[in-house]
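There are 2 protein chains.
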Amino acid sequence: MTDRRTSIGNSRNPETHAAILDAAHELLAEHGYAGVSMEAVARRAGAGKPTLYRWWPSKTALLIELYEREKTRALAEIPDLGSAQKELVALIKGVHRFWRKTPAGQAFRSIIAEAQADDAALRSLRDEFLPRGRATATVILDRAQARGEIAPDADRELLLDVLFGFSWYRLLTHRLRDDTGAVERLVAALLAAAKAGGSLAGD
Amino acid sequence: MTDRRTSIGNSRNPETHAAILDAAHELLAEHGYAGVSMEAVARRAGAGKPTLYRWWPSKTALLIELYEREKTRALAEIPDLGSAQKELVALIKGVHRFWRKTPAGQAFRSIIAEAQADDAALRSLRDEFLPRGRATATVILDRAQARGEIAPDADRELLLDVLFGFSWYRLLTHRLRDDTGAVERLVAALLAAAKAGGSLAGD
DNA sequence: CCTTATCTGAACGGTACGTTCCGTTTCCCC
DNA sequence: GGGGAAACGGAACGTACCGTTCAGATAAGG
Chain A
13 MTDRRTSIGN
23 SRNPETHAAI
33 LDAAHELLAE
43 HGYAGVSMEA
53 VARRAGAGKP
63 TLYRWWPSKT
73 ALLIELYERE
83 KTRALAEIPD
93 LGSAQKELVA
103 LIKGVHRFWR
113 KTPAGQAFRS
123 IIAEAQADDA
133 ALRSLRDEFL
143 PRGRATATVI
153 LDRAQARGEI
163 APDADRELLL
173 DVLFGFSWYR
183 LLTHRLRDDT
193 GAVERLVAAL
203 LAAAKAGGSL
213 AGD
Chain B
13 MTDRRTSIGN
23 SRNPETHAAI
33 LDAAHELLAE
43 HGYAGVSMEA
53 VARRAGAGKP
63 TLYRWWPSKT
73 ALLIELYERE
83 KTRALAEIPD
93 LGSAQKELVA
103 LIKGVHRFWR
113 KTPAGQAFRS
123 IIAEAQADDA
133 ALRSLRDEFL
143 PRGRATATVI
153 LDRAQARGEI
163 APDADRELLL
173 DVLFGFSWYR
183 LLTHRLRDDT
193 GAVERLVAAL
203 LAAAKAGGSL
213 AGD
């Protein structure tokens, strides 16, 4: 959108790269999912469509890179807060805030939506993208197990499925905001079950 | 797809109505979300596009009607099974089976995806479609409260958000199948919390 | 009988997709 | 210093779908 850009020769132009991600960022913030098309991004970025397709095979790939960029900017690791309750609540609420305050929420909604129409996108979402996002939670659960806050045989995957499922549900129905302590109570309930070793423990 | 249909005069032709829903059903089963376009449905049904748009303002509306039709065919009410645990597990597993065995799962994925690109579709999904689906669960929770299985002030909305959030997550990541007793354990954990009146109870 | 509403089919302008070709720029290597 | 090689923007292409409009045909209902 600024001055004219062109090739810088034999290698990739980082300005072009940034301009395209910035354009996607702005379109996402202004018009949501529907406003983001490869054509619109190219127009806004002052780039050629072949340039987009040279670096990103699909719109989903572009959105994923945008999401990761925002993530490293806005989302920090969760430090040791003394209890799994506090840490998990901080994690979930941090993610919700991230989704609300940045275009990342829009991007993520788009990525999920796209995955429902494209099998390859679904596999990449489930097998590469989501596991990366679970890394922070895994650290928290490791600490919790070391503290003895959850049983050694607790079904951690199920616990995370429930927490992220809840988050997805709120995101996809546009209800991230209604925080009447729901996250706190949900985490408390799940931790209680995971500690007892009864219900959320391995089968 | 069968013989030629035409107007039957002054009133709506039920064969046309059925043929369009059947065509959507088949396309959904064969090609998933991506295979369903208003054009493709019209072609397969041997119908005119104006006919589709006369009765359904959007693809989402068509998919919702298709979903409801399948639902009344495949999904029954949950009878009194003696415990909320059994009933909720039966409900959730029934829904998962419904999503797996019929095109309804594809339809529902499409409806959710569409809602991420269209605000009107999102509102209709959240404020009309989903509440209808919660009716069965509400009956179960009423019985549970009458039995004293969950506290009178339990946060029923949160409980359902968690259960359906989990189900959505599994549906949208195409992992409805891996039942290692996950549903049973999740329901048990939530019911325990809702009975204690501590964590899942009203704030 | 004739208004009225339905149906199919064809066509329209608009948007986006993903690709191809072109001419230009500049680095990298010889 | 010269010559690929690869990147860049721009234009155009064919395909697909969108949602709408028009035409022509059908047949119920008053």
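Read top to bottom, the protein sequences are chains A and B. The numbering used here applies: residue 13 is where the first sequence begins, and numbers increase by one. The numbering used here applies: residue 13 is where the second sequence begins, and numbers increase by one. Where a beta carbon is used, it is the ideal one built from N, C-alpha and C, also for glycine.
Query, Result
"Using DSSP with H/G/I as helix, E/B as strand and the rest coil, what is Ala88(B)?", "coil"
"Using a C-beta to C-beta distance shorter than 7 angstroms, which residues of chain A count as neighbours of Val174(B)?", "Val174, Phe178 and Leu198"
"Can you check whether the C-beta of Ala204(A) is within less than 8 angstroms of a C-beta belonging to chain B?", "yes"
"Do you know how far the Cα of Ile152(B) is from the Cα of Thr14(B)?", "Note on Thr14(B): pLDDT 45, under 50, position unreliable in the model; the coordinate value appears next. About 43 angstroms."
"Can you check the region 47-86 of chain A for any alpha helix (DSSP H) of at least 4 residues that lies completely inside it and give the ranges in chain order?", "50-57, 61-67 and 71-86"
"Reducing DSSP to helix, strand and coil, say where Thr14(B) ends up.", "Note on Thr14(B): pLDDT 45, under 50, position unreliable in the model; the coordinate value appears next. It is coil, neither helix nor strand."
"If we count the other Cβ atoms within 10 Å of its Cβ and call it buried at 16 or more, is Asp173(B) buried or exposed?", "buried"
"Can you name the start and end residues of the alpha helix (DSSP H) that Gly160(A) belongs to?", "Run containing Gly160(A): none; DSSP gives neither H nor E here."
"What are the boundary residues of the alpha helix (DSSP H) that Glu196(B) is part of?", "Ala194 to Ala208"
"Any beta-carbon of chain A closer than 8 angstroms to the one on Ile162(B)?", "no"
"Can you tell me whether Gly177(A) is buried or exposed, with buried defined as 16 or more other CB within 10 angstroms of its CB?", "buried"
"Counting only C-beta atoms, is Tyr45(A) closer than 8 angstroms to chain B at any point?", "yes"
"Are there any heavy atoms of the ligand ADP lying less than 7 angstroms away from the beta-carbon of Gly94(A), as far as the coordinates show?", "Annotation note on the ligand ADP: not contained in the displayed structure, which lists no ligands."
"Does Tyr79(B) get closer than 8 angstroms to chain A when you measure Cβ to Cβ?", "no"
"Tell me the DSSP secondary structure of Ala36(A) in three-state form.", "helix"
"How close, in whole Å, do the beta carbons of Leu183(A) and Arg138(A) come, if the pair is a contact with beta carbons under 8 angstroms?", "Their Cβ separation, rounded to whole angstroms, is 16 angstroms, which puts Leu183(A) and Arg138(A) out of contact at 8 angstroms."
"Can Thr72(B) and Glu126(B) be called in contact, C-beta distance under 8 angstroms?", "yes"
"According to the neighbour-count rule (16 or more other Cβ atoms, all chains shown, within 10 Å of its Cβ), is Trp111(B) buried or exposed?", "buried"
"For Ala133(A), does the count of other Cβ atoms within 10 angstroms reach 16, so buried, or fall short, so exposed?", "buried"
"Spell out a yes or no on whether the region 24-37 of chain A and the region 53-64 of chain A are touching, meaning 3 or more CB-CB pairs, one atom from each, closer than 8 angstroms.", "yes"
"Would you list, in chain order, the members of the region 119-131 of chain A that have their beta-carbon closer than 9 angstroms to a beta-carbon of chain B?", "Arg121, Ser122, Ile124, Ala125, Glu126, Ala127, Gln128, Ala129, Asp130 and Asp131"
"Between Arg143(B) and Gly58(A), what straight-line distance do the alpha-carbon atoms span, to the nearest angstrom?", "Per the sequence presented here, residue 143(B) reads as Pro, with Arg not at that position. Those two C-alpha atoms are separated by around 45 angstroms."
"8 angstroms is my cut-off, CB to CB: does Arg144(B) come that close to chain A?", "no"
"For Thr28(A), which of helix, strand or coil comes out of DSSP?", "helix"
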